DNA sequence: CGCTAAAATGAAAGCGCTTTCATTTCCGGA
DNA sequence: TCCGGAAATGAAAGCGCTTTCATTTTAGCG
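Chains as they are written, first to last, in my numbering: chain C, 784 to 1125; chain L, 784 to 1125.
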């Protein structure tokens, strides 16, 4: 009792926000007990716990996770690097990821690489400096410095949005090559005279192109033009690319766009030129974006559960963190959604 | 020399990642000097600096920002809470924000509130625990606990996407009420027999509705129906809402949708029912999303520079951090983009 | 050359927690 | 009533940096 009173009496004016020690003093216990009350309440006697909680509520104490993380070597932070968040494609992945992380008590540190591997490297460095408990990267293409830094850091890694037999650590995604091949088959079945691919130049878009072209190469004797543009490809890109293809003349045309956005542009150009869709020009997109069912005609496209990629990535990394076994490659489904454009 | 050798000799096997002290030992200087080499290189003699940098490069040392932040009380972290990132509207703001922050050496900690103020409160607590150098919130409506926690934390705050004479600290945005009023005026000039508003129920959407309705109330004698739905409002919501309005019968209809998505739905329903747009049904959206120019007919809408809101928010908060004066309210422009739908 | 101010470096303390490990308190059974 | 083990609490050290403040070096100048 004596001790407690003394302590309360000599209590300084609390410069700055309250600390764990302040709470301990006010509650008449030691700092360790407050720490336990917060992190492992079961280890604290109910009476004590209640007293501490009262003090915390009264003071509005917010624990300092920097200090906590430094001491415990666990930050409850998960970092994710995606190319962009404005281009829709990754936004839902982020949402899924975030939802899953938050419900497990983790927080998301977001990095935007803009499809630039150098920036990815810089981001990785900056992120590792915060000692996240895990990191999520988009794609399987990274600079060797990035790979080195990452593996050297010894934390769980999840690569998303692509499929690979040899991930850095774990991966969640699908084969873009197979997507391209599937679209090729789909269009082949429709029987067109010309085939073409238009789209972005990031590694995954290229894989889709390759899959598409390879599948076709064995069948058609005609050259398969591919028009490439910077990621992310835009509506305007699509219009222009289709214009070019149409200007070359020739028979009925089947086009695989590397995203719904670029496909929508192509579709619009086709309609504007009076082509019949899908008879004269057939178009398949990628992503099944929100607007895809509402274009004219509705866009046939490849659907991926973008949110699920985030969810699965979160689960993989959380399991990794808790030391459980995790499949090194989680395959995510895709399917062609058949609508009016092809 | 003797000292240096000894130190190198007794060097332990470096359990775990290298620390500042390790670098210091290897470079034959004290930890402080390494710290300075990293943070304020000008204070270090070129020769020494070079030696330290060599060691850093060789070891792949990544500073621990938790420790740094704890000691310096600056984390170079900025947190932002937005309702969602998948609904396009805030995604570009995040991109703008992030770009500006990164180039100033800061990192973004993202929180997604899902239009839920309780979640905003929880996020705020979790975020403050990481001691960010500043925090950015969406909107000016917060729970009182959130406000208390925020002001108590004594860090720079920027509220975005709304306008207010009394921000918590600083704000960047525009008056949604004025947007509604402007749209009302725009549609009034076209002369329709009925007016209606359809849209979400978040505070900002409501303000737009209020502005729209109030502006109209003085002019038209007819009741102005408002159909409300949960945020974010969807394409389907728009179709159904317009269907309801059309079912009521009556003369030519002018509708303000609370987002381009819901407006697009309404537009689609109007066309599907064979209405002439914009003669029978006129529709104005909000946001000028990517697809707006490409709907049929193209969507007349309200354009906001969403990215700029992020950029300005970043600037405000960075200035605040460096102690400069900052306007407590930064107004962002909006304008009606006239297309085919109204 | 010697002196002084500026430049460069270092020693020590401490940021606010968590982690052992040790100690005290509690409780049921003999 | 006393004892042993479990439950509850505490003491001390330390996580990896930065911040004073003190000390040493360097350079400029009469």
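Ideal Cβ positions, reconstructed from N, Cα and C, are used throughout, including at glycine.
Quick caveat, the model's predicted, so the values are computed rather than measured.
If the cut is a Cβ gap below 9 Å, which residues of chain L does residue i touch?
i: residue 881(C); result: 868, 893, 894 and 895
i: residue 1023(C); result: Those do not exist, as residue 1023(C) stays about 14 Å from chain L at its closest Cβ, beyond 9 Å.
i: residue 1052(C); result: The premise fails here: residue 1052(C) is roughly 11 Å from chain L at the closest Cβ pair, so nothing lies under 9 Å.
Anything in chain C within Cβ reach of residue i, meaning under 8 Å, just list it in chain order.
i: residue 1094(L); result: Those within 8 Å of residue 1094(L) in chain C number zero; the least Cβ separation is about 13 Å.
Taking residue i as the query, report the chain L residues whose CB atoms sit under 7 Å from its CB, ordered along the chain.
i: residue 890(C); result: 892 and 909
i: residue 877(C); result: 868
i: residue 1047(C); result: 1077
Run through chain L and tell me which residues come within less than 8 Å of residue i, C-beta to C-beta.
i: residue 1073(C); result: 1018 and 1044
i: residue 903(C); result: Those within 8 Å of residue 903(C) in chain L number zero; the least Cβ separation is about 12 Å.
i: residue 858(C); result: 849
Our contact map puts residue i next to residue j with C-beta atoms below 8 Å; I'd like the distance itself, whole angstroms only.
i: residue 1085(L); j: residue 982(L); result: About 12 Å; that fails the 8 Å criterion.
i: residue 1049(L); j: residue 1024(L); result: 6 Å
i: residue 846(C); j: residue 821(C); result: 6 Å
i: residue 806(C); j: residue 842(C); result: 7 Å
i: residue 1038(C); j: residue 995(C); result: Going by Cβ atoms, the distance from residue 1038(C) to residue 995(C) rounds to 10 Å, so no, they are not a contact pair.
i: residue 891(L); j: residue 861(L); result: 6 Å
i: residue 852(C); j: residue 803(L); result: Contact doesn't hold; Cβ gap of about 17 Å is too wide.
i: residue 906(L); j: residue 894(L); result: 4 Å
i: residue 919(C); j: residue 863(C); result: 4 Å
i: residue 1093(C); j: residue 879(C); result: 3 Å
i: residue 946(L); j: residue 991(L); result: About 12 Å separates the two Cβ atoms, so there is no contact after all.
i: residue 1069(C); j: residue 1043(C); result: 6 Å
i: residue 1067(C); j: residue 1053(C); result: The pair is not a contact, with the Cβ atoms about 13 Å apart (cut-off 8 Å).
i: residue 1080(C); j: residue 1060(C); result: 6 Å
i: residue 979(C); j: residue 1028(C); result: 5 Å
i: residue 1083(L); j: residue 1119(L); result: 7 Å
So which residues of chain C does residue i contact, with C-beta pairs closer than 7 Å?
i: residue 874(L); result: 868, 869 and 874
In terms of DSSP beta bridges, what is residue i paired with?
i: residue 1126(L); result: Absent from the model: residue 1126(L). The displayed extent of chain L is 784 to 1125, so no value can be given.
i: residue 1114(C); result: 956(C)
i: residue 1011(L); result: 982(L)
i: residue 895(C); result: 865(C)
i: residue 804(C); result: None; residue 804(C) has no bridge partner.
i: residue 860(L); result: 890(L)
i: residue 977(C); result: 1036(C)
i: residue 1086(C); result: 1118(C)
i: residue 812(L); result: Beta-bridge pairing links residue 812(L) to no other residue.
i: residue 1067(C); result: 1039(C) and 1083(C)
Quick check: is any heavy atom of the ligand MN less than 7 Å from the C-beta of residue i?
i: residue 860(C); result: Within the structure as shown, the ligand MN is missing, as the structure has no ligands at all.
Task: Residues within the stretch 820–853 of chain C neighbouring chain L, beta-carbon criterion of under 7 Å - done: Under the 7 Å Cβ criterion, the stretch 820–853 of chain C contributes 843, 845, 846, 847, 848, 849, 850, 852 and 853.
- [ ] Please determine if the stretch 925–938 of chain L and the stretch 954–961 of chain L are in contact, where contact requires at least 3 C-beta pairs separated by less than 8 Å.
- [x] Counting C-beta pairs with one atom in each stretch, the stretch 925–938 of chain L and the stretch 954–961 of chain L have fewer than three that are closer than 8 Å, which means they do not touch.
- [ ] Give, in chain order, every residue of the stretch 1055–1069 of chain C whose Cβ lies closer than 8 Å to some Cβ of chain L.
- [x] none
Open item on the list: Under 8 Å: do the stretch 871–884 of chain L and the stretch 1082–1101 of chain L share three or more Cβ pairs, one atom per stretch?
Closed with: The stretch 871–884 of chain L makes contact with the stretch 1082–1101 of chain L; the number of CB pairs closer than 8 Å reaches 3 or more.
TODO: Please list the residues of the stretch 909–932 of chain C that have a C-beta atom closer than 8 Å to any C-beta atom in chain L, keeping them in chain order.
DONE: 909, 910, 911, 912, 913, 914, 931 and 932
Open item on the list: Output needed in chain order: residues of the stretch 933–960 of chain L with a Cβ under 9 Å from some Cβ in chain C.
Closed with: 935, 936 and 937
TODO: Please list the residues of the stretch 980–1014 of chain C that have a C-beta atom closer than 8 Å to any C-beta atom in chain L, keeping them in chain order.
DONE: none
Open item on the list: Using 8 Å as the cut-off, can you tell me whether the stretch 1014–1025 of chain L makes contact with the stretch 989–1003 of chain L, which would need three or more C-beta pairs spanning the two stretches below that distance?
Closed with: no
Open item on the list: Which residues of the stretch 802–813 of chain C have a Cβ closer than 9 Å to any Cβ of chain L? Give them in chain order.
Closed with: none
Open item on the list: Along the stretch 1077–1089 of chain C, where does the CB come closer than 9 Å to a CB of chain L? Name the residues.
Closed with: Residues of the stretch 1077–1089 of chain C that bring their beta carbon within less than 9 Å of a beta carbon in chain L comprise 1077, 1078, 1079 and 1089, in sequence order.
- [ ] Answer yes if the stretch 912–920 of chain L comes into contact with the stretch 973–989 of chain L, meaning at least three C-beta pairs across the two stretches below 8 Å, and no otherwise.
- [x] no
TODO: Take every Cβ of the stretch 820–835 of chain L, pair it with every Cβ of the stretch 864–882 of chain L, and state whether three or more of those distances are shorter than 8 Å.
DONE: no
Open item on the list: Using a Cβ distance threshold of 8 Å, determine whether the stretch 891–903 of chain L contacts the stretch 1107–1119 of chain L, with at least three qualifying pairs required.
Closed with: Flag = no, the stretch 891–903 of chain L and the stretch 1107–1119 of chain L do not touch.
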